[in-house]
Structure formats: structure tokens, C-alpha cells
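Asker:
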Amino acid sequence: MITLRVLGTSVTLLETLRVRAEQELGIRLVYQVHDVEQAQRIAVMQPDSYDLYDQWFHNVDFVWPARAIQPIDTRRIALWHEINDLPKRGRLSPHDRLGSGSVPSERLFVQHDGSLGSTVTERISMLPLTHNADSFAYRPERLPEGFCHGNESWGWLLDPAWRARTALQSDAAIGALDAALAVQGAGLAHFRDIGNMSIEEIDVLADILVRKQKGGHFAAFWSDDEEAAQLMLSPSIDIQSLWSPTLMRLHRAGVKYRLAVPREGYRAWFGGLSLSRHAQGPVLDAAYAYLNWWLSGWPGAVMARQGYYIGNPARSRDHLSSAEWDYWYAGLPAREELVGSDDLPLIDIGEVRDGGSYEQRMGHIAVWNSVMDEHNYLVRRWGDFMRARG
9 MITLRVLGTS VTLLETLRVR AEQELGIRLV YQVHDVEQAQ RIAVMQPDSY
59 DLYDQWFHNV DFVWPARAIQ PIDTRRIALW HEINDLPKRG RLSPHDRLGS
109 GSVPSERLFV QHDGSLGSTV TERISMLPLT HNADSFAYRP ERLPEGFCHG
159 NESWGWLLDP AWRARTALQS DAAIGALDAA LAVQGAGLAH FRDIGNMSIE
209 EIDVLADILV RKQKGGHFAA FWSDDEEAAQ LMLSPSIDIQ SLWSPTLMRL
259 HRAGVKYRLA VPREGYRAWF GGLSLSRHAQ GPVLDAAYAY LNWWLSGWPG
309 AVMARQGYYI GNPARSRDHL SSAEWDYWYA GLPAREELVG SDDLPLIDIG
359 EVRDGGSYEQ RMGHIAVWNS VMDEHNYLVR RWGDFMRARG
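Numbering (my numbering), first residue to last: 9 to 398.
Here it is as C-alpha cells:
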């Protein structure tokens with residue numbers, strides 16, 4: 009029996025998916041689950057230790073130049089034609105704003121010279137699969153005076169009214185974007201391209217954050233869903249950047265929260281699967297079978313139940329009840345109690361997904377998760393901020 013090793017994070021490497029894929033594909037699957045930075049390091053430095061890399065498009069900027077991954081032949085992806093325009097063209101509709109940052113379409117297609125770009129070819133860097141629009145969550149019952157749901161802004165993360173009750177994601181490539189959106193939303197600075205800041209702009213961002221932190225503004229930082237959930241469940245944190253699985257945890261715990269719809273737009277991400285350069289022969293064939301399995305409908309339905317979207321939603325609709333589709337994709341009130349990805353009750357009757365429909369949420373993107381040209385400098389200055397104390 010062929011063994012397929014998949015490197016990634018807890019975001020998409022779920023045990024329910026592993027078990028079902030093994031059964032349907034007749035292979036042995038080993039999920040190598042790490043935090044974001046560790047998975048990224050392994051992907052770049054040890055491509056012989058995995059066969060598939062389950063990660064996000066901005067990470068392509070690390071693994072492709074390192075030649076850790078090989079092109080995927082779309083002629084071997086049976087449902088490639090079903091994947092929508094969001095990863096292929098950068099937006100669902102020509103009328104949607106094109107977010108800044110590491111836009112998936114700009115690093116999707118392998119060009120004839122070996123570089124990555126948006127010109128369509130038959131080879132791609134990553135099979136586009138799961139994606140979402142992220143912002144921050146807060147406890148509505150603790151909303152400071154003068155704040156209202158209809159005027160949510162990333163700037164809230166830096167407002168003195170939330171001092172010592174705010175938490176941020178600790179990864180520089182993601183947390184710094186949330187912080188930059190907050191700085192710009194609060195009117196403290198303006199960035200020419202928030203997804204690719206200059207050294208001078210990074211200094212402006214870091215200096216503002218260090219000053220804030222020396223004043224005791226941020227109470228905590230988190231690196232994974234577990235830490236994020238514990239913070240939001242504690243009495244000391246009222247507002248923080250969050251990912252969808254954490255929101256589901258809060259739902260399950262009975263915590264009342266609201267996921268903000270920032271007037272500036274969401275920070276979005278797009279994930280998928282890349283092939284290790286070492287995958288070949290029967291292992292490569294099994295890897296392609298796994299890639300195709302991800303587009304078959306059932307995996308996308310599992311992702312929907314934890315708040316994520318899939319690149320070919322129509323196929324997953326066949327595996328969701330009409331009530332589930334209406335809640336997760338259409339933005340309509342839940343007509344019945346809905347279960348999560350673990351098949352346990354999650355969404356109560358009458359609840360509505362914050363931000364609306366798939367088209368509304370993914371059409372309101374300010375920036376995509378990014379690896380900036382000055383990423384190394386950003387990491388250094390982000391470290392200055394993380395070490396700052398009041």
C-alpha cells in the first residue's frame with residue numbers, strides 16, 4: 009500500500025478527512041501537523057520529508073524559489089474547469105475590488121520561463137482549494153460606549169477603549185497585515201501598498217506598534233487556534249484577530265461574539281496543495297488522486313461546516329443540505345440546527361453568518377495574506393514589537 013505524507017497545519021489536516029480519503033483512495037495517509045512557521049520551514053528545507061504541502065498561496069513565495077515543489081499538471085485534474093475565477097483571475101466578479109498583497113492568481117500559473125504569473129498555462133504551483141475572508145471578533149456585550157456594529161473598522165484593534173483587552177496573531181506575515189490595517193483604519197498612517205510595504209513604511213508601522221505596546225495596549229499574542237480560543241474564552245480579552253475554527257469553538261462554548269465586517273475590507277487567504285519536488289512514480293500518481301479527491305465535493309462540504317469555502321463550491325453543494333448551503337454560502341438565516349465539521353450541533357436556528365453570502369464576503373477583500381519583498385526586515389521589526397513591554 010502506498011503511503012502519502014501531507015505536511016501542513018491543523019487548519020485543514022482534519023482526522024475525518026484523512027480517514028475518509030484512506031478509505032476511498034486505498035492508500036495510507038500520514039498527516040504531518042505543525043504550526044504555520046514550522047511547517048513553512050520544513051517545506052523549504054526538507055522537501056524529501058513530505059509528498060504534498062497543504063498550505064496557503066503566500067507560502068508559494070517561499071517554496072517555489074527554493075525549488076521545493078514541482079508544477080502540477082492541470083490536465084491531470086479532472087475538475088480543474090470547475091474551479092471558479094477567484095484564484096484564477098483574482099476576483100469572483102470583474103466588478104469586485106482586487107485586493108492587494110499575494111493575490112493567488114499572480115502566483116498560480118507556471119510561466120514558460122519557470123517563473124509564476126497570471127498568464128494561463130497548463131501548469132500551476134498549487135491546486136487552489138480552501139479559502140476565507142478573515143477579520144477580528146469581539147464580545148458585543150463589552151462594546152465600549154460610542155462603538156456600533158454598523159461602523160466596524162480594523163482601527164478598533166488600536167483604539168484606547170480596548171487597551172489591555174486586545175490580542176493579535178503572532179506570525180509576522182499575517183499579524184502584521186492585521187496591524188497595518190488597524191494602523192491605517194485608525195488614521196495613524198497610510199501605506200501605499202499595504203500588502204507589500206517599503207522598509208520606511210515597515211518602520212512607521214513597527215514604531216507605532218512599539219509605542220502602543222509600551223503603553224500596555226496588547227494583552228496577548230496567539231500562534232494557533234487553541235491559543236486563540238483560550239484567549240477569547242478568558243475574561244481579559246474582548247477583541248482579537250481570529251480564524252474560523254476558533255469562531256466555531258466559541259460558538260460551541262456558548263460565547264457570544266461578532267465577527268466584524270470592517271469597512272476597509274477583509275484580510276483574505278487562499279489555501280491548497282502543492283507537490284513536493286521529490287514525489288514521483290506511484291507516489292506521484294497517489295498524490296494526483298488525492299488532489300482530485302479534494303475537489304470531489306465531500307471534502308468541500310466538511311470545510312464549509314467549519315466556515316471555509318472551496319474552489320469549486322457547486323460540487324460541494326451536493327453534499328450539503330439546502331439549509332447548510334443557505335447558511336454557509338448564501339448568507340441566509342439557519343432554517344434548522346446545523347452541525348459542524350465534527351458532526352456535532354453548532355449553528356442554532358435563526359443565526360446568520362456575519363458578513364453575508366460567499367459573493368459578498370469574498371468581494372470585500374482589502375488584502376490577501378502576503379510575503380512582502382522586505383519580509384525579512386518585517387520579521388525583524390515585528391520581533392521588536394513582540395518584545396516591547398510597558
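Ideal Cβ positions, reconstructed from N, Cα and C, are used throughout, including at glycine.
Is it true that the CB of Arg313 sits closer than 8 Å to the CB of Ala331?
Answerer: no
Asker: Comparing C-alpha positions only, which one of Asp232, Asp62, Ala322, Val118 sits nearest to Asp81?
Answerer: Val118
Asker: Please go through the same chain and pick out, in chain order, the residues whose beta-carbon is closer than 8 Å to the beta-carbon of Ser18, but skip the five residues on each side of it.
Answerer: Val41, Asp232, Asp233, Pro253
Asker: With distances taken Cα to Cα, identify the nearest neighbour of Trp447 among Glu153, Gly183, Gly34.
Answerer: Residue 447 is absent from the model: the chain starts at 9 and stops at 398.
Asker: So Asp186 packs on Arg275, CB below 8 Å; how close in whole Å?
Answerer: Confirmed, about 6 Å.
Asker: From Trp162 to Leu21, what does the alpha carbon distance come to, in whole angstroms?
Answerer: 30 Å
Asker: For Asn384, which beta-bridge partners are listed by DSSP?
Answerer: Partner(s): none; Asn384 has no beta bridge.
Asker: For Val128 and Asp326, what's the separation of their Cα atoms in angstroms?
Answerer: 29 Å
Asker: Quick one: which unbroken alpha helix (DSSP H) runs of 4-plus residues sit fully inside the stretch 168-200? Chain order, please.
Answerer: For the stretch 168-200, whole alpha helix (DSSP H) runs of length 4 or above, ordered along the chain, are 180-193.
Asker: Do Lys264 and Pro148 have their C-beta atoms within less than 8 Å of each other?
Answerer: For Lys264 and Pro148, yes; Cβs fall inside 8 Å.
Asker: Count the other CB atoms within 10 Å of the CB of Asn320; is the residue buried (16 or more) or exposed (fewer)?
Answerer: Asn320 counts as buried, since no fewer than 16 other beta carbons sit within 10 angstroms of its beta carbon.
Asker: Our contact map puts Leu137 next to Trp333 with C-beta atoms below 8 Å; I'd like the distance itself, whole angstroms only.
Answerer: With a Cβ gap of about 18 Å, Leu137 and Trp333 do not count as contacting.
Asker: Can you tell me the Cα-Cα spacing of Val111 and Met394, whole angstroms?
Answerer: 27 Å
Asker: Use the C-beta contact count for Pro73: other C-beta atoms within 10 angstroms, 16 or more gives buried, fewer gives exposed.
Answerer: exposed
Asker: Under the rule that 16 or more other beta-carbon atoms within 10 Å means buried, what is His89, buried or exposed?
Answerer: When all chains shown are included, His89 counts as exposed.
Asker: Can you tell which of Phe278, Ala297, Cys156, Gly391 has the C-alpha that lies nearest to the C-alpha of Glu32?
Answerer: In terms of Cα proximity to Glu32, the closest of Phe278, Ala297, Cys156, Gly391 is Ala297.
Asker: Can you find at least 3 beta carbon pairs, one from the stretch 91-100 and one from the stretch 242-249, that sit closer than 8 Å?
Answerer: no
Asker: If I measure Cβ to Cβ from Pro353 and keep anything under 8 Å in the same chain, skipping five residues before and after, which residues do I get?
Answerer: Glu345, Leu346, Val347.
Asker: Can you tell me whether DSSP reads Gly1 as helix, strand or coil?
Answerer: Nothing can be reported for residue 1, as the shown portion of the chain is limited to 9 through 398.
Asker: If you draw a straight line from the C-alpha of Ala396 to the C-alpha of Gly371, how long is it?
Answerer: Cα-Cα distance, rounded: 36 Å.
Asker: In the DSSP assignment, find the alpha helix (DSSP H) that holds Pro321 and state where it starts and stops.
Answerer: 321-325
Asker: On the three-state DSSP scale, how would you describe Trp251?
Answerer: coil
Asker: Output the distance between the C-alpha atoms of Asn377 and Trp277, rounded to the nearest integer angstrom.
Answerer: 5 Å
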